[in-house]
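Below is one structure; the comments refer to it alone.
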């Protein structure tokens with residue numbers, strides 16, 4: 001009888017342990033839940049591409065490496081990648097996005113998102129890829145991005161960003177892709193973003209074109225090459241015209 005009670009207690013303890021473990025695995029990290037809720041609230045979705053982004057899913061978006069949210073990728077029960085590209089999304093980027101502290105990749109490109117790049121992104125300390133290109137973002141590029149030390153990619157092309165490129169971004173040692181072309185940026189290109197590596201700049205002119213107020217290397221070199229080609233073309237046209245005139249004069253002389 002005593003042995004039976006001991007077995008019952010052990011079985012009950014085991015069941016409670018399993019229940020607690022299962023509950024821990026199926027409950028969202030509170031930071032991720034807050035991040036997803038606020039991100040969704042700030043975005044307009046006229047095409048209903050985020051119809052499955054509901055509060056019930058936010059409370060349990062991941063199970064291990066399985067994601068229940070379209071556009072989200074999970075790693076060990078945490079959101080580590082968000083890819084919401086070309087979904088006709090509008091609205092703004094929530095500053096509470098910073099609650100997704102395990103996020104390594106954020107891609108909101110090719111939408112109609114407006115407003116600023118929230119400085120709170122600095123708290124995404126694991127972020128390696130940031131792609132906000134082809135939107136309607138305005139304001140300045142926040143220098144706090146430099147605090148995301150693992151950033152490999154910053155792609156902000158085709159927006160309406162203004163002001164200067166923060167010097168601090170040049171200190172991102174892992175940065176291998178950088179594109180701010182076709183914005184409204186001004187001022188000199190930061191030295192550390194245009195430094196030469198051998199015969200090549202760290203980032204070439206295509207990363208900076210389409211900003212009327214932006215100047216410095218490597219844009220300066222591209223303009224010089226362009227002007228050089230223009231001069232050669234003019235000289236060529238002049239020489240060609242001279243030869244043509246000479247031939248016409250000779251023809252008139254022979255048959256005149």
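In our numbering, the protein residues as written are 1 to 256. Glycine included, each C-beta is placed from N, C-alpha and C at the ideal position. Keep in mind it's a predicted model, so treat the numbers as computed, not measured.
Host beta strand (DSSP E) of residue i (start-end)
| i | result |
| --- | --- |
| residue 160 | 160-163 |
| residue 81 | 78-83 |
| residue 39 | From DSSP, residue 39 is part of no beta strand (DSSP E) but of the alpha helix (DSSP H) over 30-42. |
| residue 207 | Taken as a continuous stretch (DSSP letters only), residue 207 belongs to no beta strand (DSSP E), as it is neither H nor E. |
| residue 153 | 153-155 |
| residue 140 | 136-140 |
| residue 178 | 177-179 |
Start-to-end residues for the alpha helix (DSSP H) that takes in residue i
| i | result |
| --- | --- |
| residue 194 | 191-194 |
| residue 52 | First-last for residue 52: undefined, no H or E at that position. |
Residue i to residue j span [Cα, whole Å]
| i | j | result |
| --- | --- | --- |
| residue 180 | residue 140 | 12 Å |
| residue 61 | residue 114 | 26 Å |
| residue 156 | residue 108 | 10 Å |
| residue 192 | residue 54 | 43 Å |
| residue 136 | residue 217 | 27 Å |
| residue 58 | residue 104 | 19 Å |
| residue 33 | residue 64 | 15 Å |
| residue 41 | residue 167 | 33 Å |
| residue 119 | residue 220 | 31 Å |
| residue 208 | residue 37 | 35 Å |
| residue 72 | residue 79 | 7 Å |
| residue 163 | residue 184 | 7 Å |
| residue 30 | residue 124 | 16 Å |
| residue 205 | residue 211 | 11 Å |
In DSSP terms, what residue i is bridged to
| i | result |
| --- | --- |
| residue 131 | 107, 155 |
| residue 73 | 81 |
| residue 215 | 188 |
| residue 257 | Past the edges of the chain, shown from 1 to 256, lies residue 257, and the structure says nothing about it. |
| residue 114 | 136 |
| residue 91 | 43 |
Exercise for review: Check whether the segment 92-102 touches the segment 46-60, counting contact only when three or more Cβ pairs, one atom from each stretch, lie closer than 8 Å.
Suggested key: Because the criterion of three Cβ pairs below 8 Å is not met, the segment 92-102 and the segment 46-60 do not touch.
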